[in-house]
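Here the protein sequences line up with chains A and B, keeping their order. Numbering that gives the first Met the number 0 applies: residue 0 is where the first sequence begins, and numbers increase by one. Numbering that gives the first Met the number 0 applies: residue 0 is where the second sequence begins, and numbers increase by one.
There are 2 protein chains.
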Amino acid sequence: MNLDQIFISAQEAFLFYKNLPGKEKAEFLDTLADTLEEYRAEIVPLAVQESNLPEGRINGELGRTTGQIRLFAKMVKEGSWVEATIDPAMPDRTPLPRADIRRMLTPLGPVVVFGASNFPLAFSTAGGDTISALAAGCPVIYKAHPAHPETSKKVADCIHVALLKCGLPSALFTHVEGGIAEGQALVQHPLAKAVAFTGSHAGGKALFDLANKREEPIPVFAEMGSVNPIFCFPKKLSHNIPGLAKAFVSSLTLGVGQFCTNPGLIFVPEEQAKDFENAISAELKEIAAAPMLHQGIAQAYYDSIQFLEAREELRWVKVADPKHLINGSTALAEIKAHDWLKDSLFQKEVFGAFAMMVVYQSQTELEEIAEHLHGQLTITIWAEEEELKNQLFLLNLLEEKCGRLLFKGVPTGVEVGYAMQHGGPFPSTTAPQSTSVGAYAIKRFARPIAFQDMPQDLLPDALQDENPLGIWRMVNGNWEK
Amino acid sequence: MNLDQIFISAQEAFLFYKNLPGKEKAEFLDTLADTLEEYRAEIVPLAVQESNLPEGRINGELGRTTGQIRLFAKMVKEGSWVEATIDPAMPDRTPLPRADIRRMLTPLGPVVVFGASNFPLAFSTAGGDTISALAAGCPVIYKAHPAHPETSKKVADCIHVALLKCGLPSALFTHVEGGIAEGQALVQHPLAKAVAFTGSHAGGKALFDLANKREEPIPVFAEMGSVNPIFCFPKKLSHNIPGLAKAFVSSLTLGVGQFCTNPGLIFVPEEQAKDFENAISAELKEIAAAPMLHQGIAQAYYDSIQFLEAREELRWVKVADPKHLINGSTALAEIKAHDWLKDSLFQKEVFGAFAMMVVYQSQTELEEIAEHLHGQLTITIWAEEEELKNQLFLLNLLEEKCGRLLFKGVPTGVEVGYAMQHGGPFPSTTAPQSTSVGAYAIKRFARPIAFQDMPQDLLPDALQDENPLGIWRMVNGNWEK
């Protein structure tokens, strides 16, 4: 099938699918979750083989994938996500009568999705982007990630099985293989209405630029990762150096450091820097090098480390073991805040289990750091509550720099729920006003439409007087059900 | 003050203002509405003089301006607009406990606003863009429209009076004069976080491109107008040719045709084309030429008409009276759908009281038109309800092309309410997922942030357990208050 045929079929399927009741869309999504479970025994070994990730992790990731499919199914079945808003007519208003105006969200149209290498299931073929687009009512043209082609094909088959079982057009999902040129052609097709991407800064930014240069620019929801700094405060740290060192190292090395929310930057007060460093060193010794997702990623990891090794400002607490074809070896460098502040290159993400430990001396430095910091998916603060009472200005600054602010725990492990925000100011994403994980991710693929004085019979169910869907709606400015 | 000083002061004011309770922001907005009323006698004559619009219209527009200020004041006082969403901790969940995650909208930061020439009050200095940004919690750097400099200064003074009365920093609003270069510099400043614009396609698109080329791209909410087609169906038309001709001409010529929602395109079935044309002609004779906003706009209007006059496909029902320095004269051209479909130049907006009447012969042509149509702010359908029962596919197509679909009345007269959607697919705007009129306009200037395991005392009021603001919140996926 050529590209035009793919998009024309997708557009045709869209005009049918967008008007299906939420219940039917939910049925399809639930069927898809069941189908993926049915094929678990085939999917898991393929994904393990193609990603080098352990079976336990991949099994868990499949659970996460079906879990988020069921969350979106629940949402579209319930139906309130469309923000139905009704301002009834006021025929007797003076000086002018008010028309009847009703607003709701409507799906955008065909969406191009690029899968992530580091989540062969949960952020790939039937991952969060694909599913939130389908849930919103949009067909998906999916560009398979070349790092896990067979896993991708298998999951695509499951999607087609589920579509078939539910009597839905197969053009609602198209699996496209290829390289950069194929991906670019998808983004440039006139019938594409939005793009979702999870991956590198270079990749996401290139797609963003391409989409903005189209005759009709379209939104690009690119999640491009970040260094997810942890800010340590003295009291908190002094109470539990070994525990926090352990937590940090676990998060840093989880999945060989290949997470968007991997903590690659940690700010430590000078007075405890040495002790904390020693505790981290001890923990790092326990971590064996493990295979990364693919050779290209391992190569890029060692290249970045090598580049940093040339910088005199860095003192290496743990050097990466000799470069290996595929295994990623942990590395940790220390730098003074004074030096770190001088060059924003020190904020660049190194994808893998590398972190920079920045030693700060004063409150002034902390605030300078916060001002200087690039946009992040997450920022974590390790402090006793009492230590934060005088830090309101700093907290205020840090809020400006991230999508999620943590006060305990570690940034890795992104909960899929209603309140999750996985996104953040540029350069962590190209779309800080949206999230790519959690319930609100569905809103990326819809836009508002208002109907004025439309006859009841022609109105979508969500906007009819009797509220046949029983959803939450804002009527005359008040929420009601 | 130089640009850096302006933005640094705005950013400083932002970090203070964003954390003020909604009640205090509302107080400021209400004070501003009062202040504008107080200065009505000074503002109105200035705006009349600088816009050539009649006093009645300007008086009404000031009422619309204060009305929308009070709507946003009411919204931020009530507070539910922040989409507070709470997923409480589940410490006993297996296999992993769930952290406490709470999400809400937070303001973006300093916003650059460009005023519109055609609404010297309601879409200018203290217009919808400025007010929705201030309501969201963002300072505004306002680029005054050169067509009404004195009006703009006077309104800016009112904003500063209101800020002073409420003890708020004056840097929350800065009035900047200048031309294109000054406007571009504002958009390019690193501390600017969003841009709002109402005006021409060329202007809006240029700012959009500029903002995307920044080191940190920022969103541009540009409302660039459209031709707002009306689709006439035979039965509806045959029942009331004179009434519909009158309604059409009134909407077309309102404000000398200088509205974003001005109906510049009307599709008419062949069987009634002649009668409808005659009725429109009769109505047009009643309309005297009237002064346009300024000479540049009159010049552009006549240039566009002259350009179209060279096209053989057009038959002129009413030619524009000889070109006049400032008066806009109505004009109407007729074209066969077959010809109209061949060149998308015929969809280009002519800003002023010009319309193209497109005569269609068949259902097939109507669907081709709908597919071919560019993105619009509005589409109006004049049909008997029974005529639409067989037009579901056409309606479906038309929904894809607009932000507001009308089934009665005319597109001009944009209600400021909760359900209004004033926006639409490109090229009518650069941001179809937002509205520039109505309550939801506030969401353009905010982004979500999630707090994980944050101590209660440090959480924003909107997210604290006791719900001290008494707002609507989604808790564990259910709306409650």
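We put the CB at the ideal spot given by N, CA and C, even for glycine.
- Query: So what does P447 of chain A bridge to, in DSSP terms?
  - Reply: DSSP, once it has assigned bridges, lists A:L104 as partnering P447 of chain A.
- Message: Just to make sure I have the definition right: I need the residues of chain B whose C-beta is within less than 8 Å of the C-beta of K407 of chain A. Which are they?
- Response: Chain B residues near K407 of chain A: A98, Q451 and D452.
- Task: Whole angstroms is fine: what's the gap from K22 of chain A's alpha carbon to C137 of chain A's?
- Result: Cα to Cα, K22 of chain A sits roughly 15 Å from C137 of chain A.
- Chain-order list of residues whose beta-carbon lies under 7 Å from that of V318 of chain A (same chain, five-residue window excluded): Correct list, in chain order: A330.
- Could one say the Cβ of D86 of chain B lies closer than 8 Å to chain A's Cβ atoms, at least one of them? Chain A contact via Cβ: present.
- Message: Nearest by alpha-carbon distance to G242 of chain B: which of B:P218, B:P216 and B:F275 is it?
- Response: When C-alpha distances from G242 of chain B are compared across B:P218, B:P216 and B:F275, the shortest belongs to B:F275.
- Step through the CB atoms of chain A and report whether any lies within less than 8 Å of the CB of G416 of chain B. Chain A, which has a Cβ nearer than 8 Å to the Cβ of G416 of chain B, makes this yes.
- Message: Taking 8 Å as the threshold (beta carbon to beta carbon), is G263 of chain B in contact with chain A?
- Response: With a threshold of 8 Å between beta carbons, G263 of chain B makes no contact with chain A.
- Query: In chain order, what residues of the same chain have a beta carbon less than 6 Å from the beta carbon of V219 of chain A, not counting five sequence neighbours either side?
  - Reply: Counting only Cβ-Cβ distances below 6 Å, and skipping sequence neighbours, we find V194, L206, F207, A210 and T429.
- Beta carbon of L61 of chain B nearer than 8 Å to that of L133 of chain B: In this structure, L133 of chain B does not lie closer than 8 Å to L61 of chain B by Cβ.
- Query: Nearest to G295 of chain B by CA position, among B:A445, B:A281, B:A288 and B:H323, is which residue?
  - Reply: Among B:A445, B:A281, B:A288 and B:H323, the Cα nearest to that of G295 of chain B belongs to B:H323.
- Classification of S343 of chain A by the beta-carbon crowding that lies within 10 angstroms, buried from 16 upward: S343 of chain A is exposed by the Cβ-count criterion.
- DSSP-derived helix/strand/coil call for E465 of chain B: In the structure shown, E465 of chain B sits in coil (DSSP, three-state: anything other than H, G, I, E or B).
- Cutoff 8 Å: E215 of chain A Cβ touching any chain B Cβ: By this cut-off, E215 of chain A is an interface position.
- Query: Tell me the DSSP bridge mates of K284 of chain A?
  - Reply: K284 of chain A is not bridged to any residue.
- Task: Tell me, please, whether the stretch 218-238 of chain A touches the stretch 361-375 of chain A by the rule of three or more beta-carbon pairs shorter than 8 Å.
- Result: With the cut-off at 8 Å, the stretch 218-238 of chain A and the stretch 361-375 of chain A touch.
- Query: Taking the Cβ atom as the reference point for each residue, do G408 of chain A and G422 of chain A lie within a distance shorter than 8 Å?
  - Reply: No, the Cβ-Cβ distance between G408 of chain A and G422 of chain A is not below 8 Å.
- Message: If contact is defined by three or more beta carbon pairs under 8 Å, each pair taking one atom from either stretch, is the stretch 182-201 of chain A in contact with the stretch 149-165 of chain A?
- Response: No, because fewer than three Cβ pairs between the stretch 149-165 of chain A and the stretch 182-201 of chain A fall closer than 8 Å, the two stretches do not touch.
- Message: So within the stretch 146-224 of chain B, which uninterrupted beta strand (DSSP E) runs reach at least 3 residues, ignoring any that extend past its ends?
- Response: With a minimum length of 3 residues, the unbroken runs of beta strand (DSSP E) contained wholly in the stretch 146-224 of chain B fall at 172-175, 193-197 and 219-222.
- Task: Please name the residue, chosen from B:K335, B:W315 and B:F350, that lies closest to T252 of chain B on a Cα-to-Cα basis.
- Result: Closest by alpha carbon: B:F350.
- Item | Buried versus exposed, by CB contacts within 10 Å (16 or more), F306 of chain A | F306 of chain A should be labelled exposed.
- Please say whether E49 of chain A and A125 of chain A have beta carbons closer to each other than 8 Å? No, these two residues do not count as a Cβ contact at 8 Å.
- Which residues in the same chain have their Cβ closer than 6 Å to the Cβ of A481 of chain A, if we skip the five residues on either side of it in sequence? Outside the shown range of chain A (0 to 480) lies residue 481 of chain A, about which nothing can therefore be said.
- Item | Interface residues of chain A facing Y16 of chain B [CB-CB closer than 8 Å] | Y16 of chain B does not reach chain A, its nearest Cβ partner there being about 11 Å away, counting only Cβ pairs nearer than 8 Å.
- Message: Here's the rule: buried if 16 or more other CB atoms are within 10 angstroms of the residue's CB, otherwise exposed. What is R310 of chain B?
- Response: With a threshold of 16 other beta carbon atoms within 10 Å, R310 of chain B falls short and is exposed.
- Message: Against chain B, with Cβ distances strictly below 8 Å, would L457 of chain A count as a contact?
- Response: Closer than 8 Å to some Cβ of chain B, the Cβ of L457 of chain A qualifies, so yes.
- chain A beta carbons: is any one of them nearer than 8 Å to that of G469 of chain B? With respect to chain A, the C-beta atom of G469 of chain B has no partner C-beta closer than 8 Å.
- Does M291 of chain B come within less than 8 Å of chain A when only Cβ atoms are used? Cβ-Cβ to chain A under 8 Å: no for M291 of chain B.
- Item | Contact between the stretch 380-393 of chain B and the stretch 411-422 of chain B (3+ Cβ pairs under 8 Å) | Judged by Cβ distances under 8 Å, the stretch 380-393 of chain B makes no contact with the stretch 411-422 of chain B, as fewer than three pairs qualify.
- Query: Would Q432 of chain B be called buried (16 or more neighbouring beta carbons within 10 Å of its own) or exposed?
  - Reply: Burial is judged here by how many other beta carbons sit within 10 angstroms of a residue's own beta carbon; Q432 of chain B has at least 16 and is buried.
- Cβ neighbour criterion (16 or more within 10 Å) applied to H484 of chain A: In the structure as shown, chain A begins at 0 and stops at 480. Residue 484 of chain A is therefore absent and cannot be evaluated.
- Item | Backbone CA spacing between D3 of chain B and G59 of chain A [nearest angstrom] | In a straight line, the C-alpha of D3 of chain B is about 50 Å away from that of G59 of chain A.
- Message: Excluding the 5 residues flanking D452 of chain A on each side, which residues of the same chain have their C-beta closer than 6 Å to its C-beta?
- Response: Exclusion of the five residues before and after D452 of chain A leaves A98 and D99 as the residues of its chain whose Cβ lies within less than 6 Å of its Cβ.
- Message: Run through chain B and tell me which residues come within less than 8 Å of I448 of chain A, C-beta to C-beta.
- Response: Here the neighbours are E398, C401, G402, R403, L404 and Q420.
- Counting only beta-carbon atoms, is N211 of chain A nearer than 8 Å to chain B? By this cut-off, N211 of chain A is an interface position.
- Is the beta carbon of W381 of chain B sitting closer than 8 Å to the one on C157 of chain B? Against a cut-off of 8 Å, the Cβ pair of C157 of chain B and W381 of chain B comes out as no contact.
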